[in-house]
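Peer 1:
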Amino acid sequence: MAPFVRAICLLAIFQLLAVMALPVASASDSCVMTKPSSCSNTGWLSWSPGFATAVRGFIGQSTVNYFRAGKPLSWQALYALGGVPEERLELPENRYLFGACPPHDCGGQAAAIILDDHGTIEAIGFSSFHCCEAHTVLDHRYLDLYVRRGASADTLIGELKSWLTGSTVTAMLNDPHDDDGIDSRIALHLLH
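Just so we're aligned: the sequence shown equals residues 3 to 194 in the working numbering.
1. Less than 8 Å separating the beta-carbons of W165 and L75?
2. Can you tell me which residues form a DSSP beta bridge with C33?
3. Along the beta strand (DSSP E) that carries S129, what are the first and last residues, could you check?
4. Work out the CA separation of Q78 and G152 for me, nearest whole Å.
5. Short of 6 Å in beta carbon distance, which residues of its chain neighbour G84, apart from the five on each side in sequence? Order them along the chain.
6. Considering only their Cβ atoms, is the gap separating G110 from M174 smaller than 8 Å?
7. Can you have a look at W127 and say buried or exposed, based on whether 16 or more other CB atoms are within 10 angstroms of its CB?
8. So the candidates are S39, G62, C103; which of them puts its Cα closest to the Cα of V149?
9. Strictly by DSSP, which residues pair up with N43?
10. Tell me whether H132 is buried or exposed, calling it buried when 16 or more other Cβ atoms sit within 10 Å of its Cβ.
11. With distance defined between alpha-carbon atoms, name the residue in N96, A71, V34, V171 nearest to L145.
12. If we call anything under 8 Å between Cβ atoms a contact, is R143 one with D180?
13. Return the residue from the list K73, R70, V66, L158 that minimises the CA-CA distance to L93.
14. With DSSP collapsed to three states, give me the class of G101.
15. Considering just the uninterrupted stretch of the beta strand (DSSP E) at A113, what are its terminal residues?
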């Protein structure tokens, strides 16, 4: 190879290495909870600044047995929403639904959160088998919906139910009979 060609090749390699070393902006750099349209999926949203604090403030610390026994509501929500993420869904009236299932535990278990276009949490819903509760039949799925009171509550409830009973979650069920009579196992909690 001629010395000139060798020099050109080496220069090209050094330029390529220099470009590869430049910092690259990731999707998480631009995802902020206060602008949910900037978050492409639930994974990025769950890592955005202030997300965990906002979830704790919205849903509180009551102890429940949705995905793990005796853990606070906010822990259950953060655990599931930090798991296997779904792509952001745009809802009517400038709302966004983000859903996910718990890590290594997607067999019909899931959580969804609805935010307005300013990142205010309006609703959180859970699909679970209510582990470790005496009255629970572990072959039946339960839905627990936590929704902000107000004129839009019915719309939020409808959107959560639609996602939690839709094909995204039901396709993960180990047995389709887990949903038999699910309408009698939906608990609604209206929050201030």
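Heads up, the beta-carbon is just placed ideally off N, CA and C, and yes, glycines get one too.
Peer 2: So, to answer that:
1. Numbered from its first residue, the sequence shown carries residue 165 at position 163. Numbered from its first residue, the sequence shown carries residue 75 at position 73. No, they are not a contact pair.
2. Mapped onto the sequence shown, residue 33 falls at position 31. Answer is none; C33 lacks a bridge partner.
3. On the sequence shown, position 127 is the one that residue 129 refers to. Its beta strand (DSSP E) spans residues 123-130.
4. In the sequence shown, residue 152 corresponds to position 150, counting from 1. In the sequence shown, residue 78 corresponds to position 76, counting from 1. Answer to the nearest angstrom: the Cα atoms are 25 Å apart.
5. As a working mapping, residue 84 is identified with position 82 in the sequence shown. These residues qualify, in order along the chain: S48.
6. Here residue 174 corresponds to residue number 172 of the sequence shown, with the count starting at 1. Here residue 110 corresponds to residue number 108 of the sequence shown, with the count starting at 1. Yes; because the gap between Cβ atoms is below 8 Å, this pair is in contact.
7. Taking the first residue of the sequence shown as position 1, residue 127 is located at position 125. Checking the sequence, you will find Gly at residue 127 rather than Trp. When all chains shown are included, G127 counts as buried.
8. Locating residue 149 in the sequence shown gives position 147, where the first residue counts as 1. Checked all of S39, G62, C103; the closest Cα to V149 is G62.
9. Along the sequence shown, one-based indexing puts residue 43 at 41. E89, per the DSSP bridge assignment.
10. Taking the first residue of the sequence shown as 1, we reach residue 132 at position 130. Answer is buried; the Cβ neighbour count reaches 16.
11. Working through the sequence shown from its first residue, we reach residue 145 at position 143. Of N96, A71, V34, V171, the residue nearest in Cα terms is V171.
12. Translated into the one-based positions of the sequence shown, residue 143 becomes position 141. Translated into the one-based positions of the sequence shown, residue 180 becomes position 178. Yes. Within cutoff.
13. Stepping through the sequence shown from its first residue, residue 93 is reached at position 91. Measuring from the Cα of L93, the nearest candidate turns out to be L158.
14. Position 99 of the sequence shown, counted from the start, is the residue given in the question as residue 101. The answer is strand: DSSP assigns G101 an E or B state.
15. The residue labelled residue 113 in the question sits at position 111 within the sequence shown. Per DSSP, A113 belongs to the beta strand (DSSP E) from 112-118.
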